[in-house]
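Presented below is the structure to which this report refers.
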Amino acid sequence: MDRYDYKSVEAKWQKYWDENHTFEASDDYSKKKFYGLVEFPYPSGHGMHVGHIKAYSGLEVISRKRRMEGYNVLFPIGFDAYGLPTENTAIKEKIHPRIVTDRNIEKFTGQLRKVGFSFDWSRVIDTTEEGYYKWTQWIFLKMFEKGLVFRDKTSVNYCPSCKVVLSNEDSQGGKCDVCHSDIVQKTKEVWYLRITEYADRLLQGLEKVDYLPNVKLQQQNWIGKSTGAFVDFSIKENDEKLRIYTTRPDTLYGVTFMVIAPEHPIIQKYRDSISNIQALDDYKAECAKKSEFERTQLVKDKTGVKIEGLTGINPITKKEIPIYISDYVMMGYGTGAIMAVPAHDGRDYDFAKKFGIDIIEVIKGGDISKEAYTGDGEMVNSDVLNGISNKKEAIEKALSILEELGCGERGVQYKMKDWAFNRQRYWGEPIPIVHCEKCGMVAVPYEELPLRLPELENFEPGTDGESPLAKIDSFVNCKCPKCKGDAKRETDTMPQWAGSSWYFLRYCDPKNKSEFASQKALEYWMPVDWYNGGMEHVTRHMIYSRFWHKFLYDLGLVPTDEPYAKRTAQGLILGPDGEKMSKTRGNVIDLNDVVEDFGADVLRLYVLFMGDYEKAAPWSVNGIKGCKRFIDRVWGLQDILTDGDEYSDKLRSNFHKTIKKVTDDIEAMKFNTAIAAMMTLLNDIYAVGSINKAELSSLCIMLNPFAPHITEEIYNIITGKILNEQEWIEYDEKFCVDETIEIVVQVNGKLKAKLNVAPDSDKDSVIAMALADEKVKETVDGKNIIKQIYVPNKLVNIVAK
RNA sequence: GCCGGAGUGGCGGAAUGGCAGACGCAGUGGACUCAAAAUCCACCGGUAGCGAUAUCGUACGGGUUCAAGUCCCGUCUCCGGCACCA
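With my numbering, the residue at position 40 of the first sequence is 30, and numbering never jumps.
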């Protein structure tokens, strides 16, 4: 047999699949369906890297298996092509972002095809295409219509390098998600989507979907629901009520001061009656200068100023307490005001120590002279609450008192904020809104969609953070759709996350011109049965897209309220040095080189074999050689091929066991052990010295999802048939059991002997055999046998003293 | 600080509470070769021993159990997420 020529074989089958539309999903809606989704790539100029291959290989294996199991499989791919890197390349090379995008998509497509992924190439999506972004704008307008879009002037996360406003999600850790510069705070009028309105449903929806526990947890934390109470504190000097939010109403008797955010409106309202207003203004100005990062990350000394002229009154104790402003209280969470209980909250404790405020213990159990006690315990110094030791009970009782007094109510808060939905850049979906002096914000009529991006000479954003579109008079100046008077167009574009918030719907019916997808197609294909992607998209893309989907569900436009039935995530591929792959580290593995040197099958096999699919694993230049050897040895089986259309006696059980293992492991995404099992089988075959046609066909089928090219080729050579038209192989449980089973014999838990017995032998005879063993006899000699343990088909343990 | 996850040979990693180290890589010895590569065969956790074998061994300290990498308690380290969220 000649050496395996992967280059020609891979090219041959890729051409065959393409010409025969082998992997295109059928429109026959009577068949059982499987919708497998992978996160579509951002087509960057660097091309794909091996991480992409791992990300897609998981569902690739499952999709190929599903097809052989008789499913109508939708396994689509597309490109999430709007975004900054493309625009920056366009600016640098002085060409249109359209050209950059097309160039990069072509590069990606070529690479994906070379790896032999079984994507449905007839349904490719490009989010920057008119036929697509028209519907992105359409959904936005629906949200606008339903009051989920609003504008607000607030302090926003601004990246001075990219010159854009970022959402909280895109500026985690105080760094820009794109360029990693420090984020600064800027006051700006921005667009928001009211995602908080769906907070509770996004949380509840998690109960009925099959996501990795980790994924659910991260989403729960991100939404950050807390239950507590709003409590009104009276102000002594006037009849104002200062409302706070707390999760611990049980500690009300321990309140010794209040803190409000520096921006709290009550200060402006009572400016004139505050004697140290200048000091408060100064403090506020100082805080505004700090970035979000400094304000939250550098938790050091507590700072603040006491308000002279406003005094709070504890609604339960009626005691007078001072009010401070401090930047450890945020205007954006709760009511921007808190009741401080220094004895039982670390932050309040630090503040009280610094400002010399009383600390009153109300829960026993700690030493409040040293630090705040945040644990549970018996209530003390709390009048009617005294003696209660159950936290829940104490909270309930405090709540009912507050409700009776009419100065408190139960409430819920979320950490999640509304979604800042705009960027001041060119390469994004234009926001289809017109500003009219008379009519205010007016939606562009649906029939005028798509609202196209105007042609530009210069894509650079303005220095003041204005969109480059603002410089184009012909775009900006327009007529108001309502009153037909002069009006101006919105010049901001949508953020990168817009296009990916509904792409899985478009795949169901990608060429539809009159709807974003037909109801029939959606009813058949949705929900996505299995969605795999990176952990980094769990809190942004996934929450955003679940929100859009739930909105469309409320309009009756999609059949399910959750888009994804199941979600898994792959681990990163690290560089050979164990560090995250990056160009600056110089540890990036070039995909093209790997395909060139080893072939697509070896690459596919290796990314799944290198470790647990869900965990990060370093690339090993040597490790991939093992997969190469495996593939070559599979090819070599043709040299020891014999006739035979059923399993031989010598290998029957090996095959059944391996098929079972591979079948189960694929479903559990334990690809590494599935491959290991096939390697073991291959070793067994070579030990036997021959393989028949039935056996080799069977091996080709189970290996096909991992290494589709070589298996198609071998299968075609030995049977004359096409493997992809075959069914997935079955195993028979009865052949998975050996004729004799090895039983381990231990004495006092230590291995002493091994016995070969028939399956399901009875206890007495096995123990008798064990005790008859020379080695066992020797060890037990002179001791009393206290206990005999028999685990059927596994082991015997004799306890002797 | 809080919430997750992990810690097993030289390396990547396997092990429904039941033979620790499957499978692969690297390494060592041998075969083939003028030679090398490729391929094939054997060995491949530590200690003692020529050896059969004995003994220790899954981050560390305790515990439960006939039996613990796996379960429980405590400690350390690393990774991921959230972070002055009241």
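Note that beta-carbon positions come from the ideal geometry of N, C-alpha and C, so glycine has one too.
Boundaries of the beta strand (DSSP E) in which residue i is found, first to last residue
| i | result |
| --- | --- |
| residue 425 | 423 to 426 |
| residue 232 | 231 to 236 |
| residue 314 | 310 to 315 |
| residue 744 | 740 to 747 |
| residue 468 | 467 to 469 |
| residue 319 | Residue 319 -> no beta strand (DSSP E), and no H or E assigned at all. |
| residue 648 | Element bounds for residue 648: not the beta strand (DSSP E) but the alpha helix (DSSP H), 642 to 657. |
| residue 476 | 476 to 479 |
| residue 199 | Element bounds for residue 199: n/a, residue is neither H nor E. |
| residue 302 | 295 to 303 |
| residue 785 | 785 to 790 |
| residue 250 | 247 to 250 |
| residue 363 | Where residue 363 is concerned, there is no enclosing beta strand (DSSP E), given that its DSSP letter is neither H nor E. |
| residue 758 | No beta strand (DSSP E) contains residue 758, which is instead part of the alpha helix (DSSP H) from 753 to 762. |
Euclidean distance between Cα positions of residue i and residue j
| i | j | result |
| --- | --- | --- |
| residue 691 | residue 635 | 15 Å |
| residue 240 | residue 377 | 12 Å |
| residue 86 | residue 96 | 16 Å |
| residue 500 | residue 201 | 26 Å |
| residue 133 | residue 544 | 11 Å |
| residue 56 | residue 28 | 15 Å |
| residue 793 | residue 787 | There is simply no residue 793 to check, as the chain begins at -9 and stops at 791 in what is shown. |
| residue 490 | residue -1 | 36 Å |
| residue 421 | residue 408 | 17 Å |
| residue 852 | residue 685 | The structure shown does not extend to residue 852, since the chain is modelled only from -9 through 791, so no value can be given for it. |
| residue 679 | residue 697 | 23 Å |
| residue 171 | residue 151 | 7 Å |
| residue 71 | residue 34 | 8 Å |
| residue 360 | residue 264 | 34 Å |
| residue 547 | residue 30 | 23 Å |
| residue 597 | residue 169 | 29 Å |
| residue 463 | residue 536 | 37 Å |
Option in the options with minimal Cα separation from residue i
| i | options | result |
| --- | --- | --- |
| residue 180 | 174, 639, 336 and 139 | 139 |
| residue 714 | 38, 51 and 25 | 51 |
| residue 121 | 35, 762, 676 and 496 | 496 |
| residue 135 | 434, 447, 192 and 770 | 434 |
| residue 478 | 465, 486 and 484 | 465 |
| residue 484 | 383, 31, 131 and 773 | 131 |
| residue 355 | 346, 366, 719 and 361 | 366 |
| residue -6 | 218, 591 and 295 | 591 |
| residue 633 | 687, 626 and 668 | 687 |
| residue 552 | 503, 534, 564 and 346 | 534 |
| residue 792 | 631, 522 and 531 | It is not possible to answer for residue 792, since the shown part of the chain is limited to -9 through 791. |
| residue 328 | 344, 244, 373 and 277 | 244 |
| residue 586 | 6, 80, 90 and 101 | 101 |
| residue 429 | 392, 468 and 475 | 475 |
| residue 720 | 745, 757, 664 and 648 | 648 |
| residue 529 | 79, 185, 768 and 99 | 185 |
| residue 740 | 758, 765 and 471 | 765 |
Close-in-space but distant-in-sequence residues of the same chain around residue i (CB under 6 Å, 5 per side omitted)
| i | result |
| --- | --- |
| residue 220 | 233, 235, 399 and 401 |
| residue 753 | 780 |
Contacting residues, own chain, Cβ-Cβ under 8 Å from residue i (five flanking each side not counted)
| i | result |
| --- | --- |
| residue 303 | 223, 224, 225, 226, 309, 310 and 311 |
| residue 674 | 641 and 644 |
| residue 22 | 60, 61 and 62 |
| residue 11 | 112 |
Terminal residues of the alpha helix (DSSP H) in which residue i lies
| i | result |
| --- | --- |
| residue 215 | Counting along the chain, residue 215 falls outside any alpha helix (DSSP H), though it belongs to the beta strand (DSSP E) covering 215 to 225. |
| residue 192 | 189 to 194 |
| residue 493 | 493 to 496 |
| residue 584 | 581 to 588 |
| residue 619 | 613 to 626 |
Heavy atom of the ligand HEM within 7 Å of residue i beta-carbon
| i | result |
| --- | --- |
| residue 376 | Absence of the ligand HEM is noted for the structure shown, with no ligands found whatsoever. |
| message | Please give me, in chain order, every unbroken run of the alpha helix (DSSP H) with length at least 4 that falls completely inside the segment 506 to 558. | response | The alpha helix (DSSP H) runs of length 4 or more contained entirely in the segment 506 to 558 are, from start to end of the chain, 509 to 515 and 531 to 544.
| request: Write down every uninterrupted run of the beta strand (DSSP E) in the segment 21 to 104 whose length is 3 residues or greater and which is fully enclosed by it, in chain order. | output: Those beta strand (DSSP E) runs which fall completely within the segment 21 to 104 and span 3+ residues are 23 to 28 and 62 to 64.
| task | Identify every run of the alpha helix (DSSP H) within the segment 668 to 737, keeping only runs that are complete inside it and at least 4 residues long; order them along the chain. | result | Counting only runs of 4 or more, we get 683 to 693 and 698 to 709.
| alpha helix (DSSP H) segments (min. 4 residues) lying fully within the segment 366 to 436 | The qualifying runs are 381 to 395.
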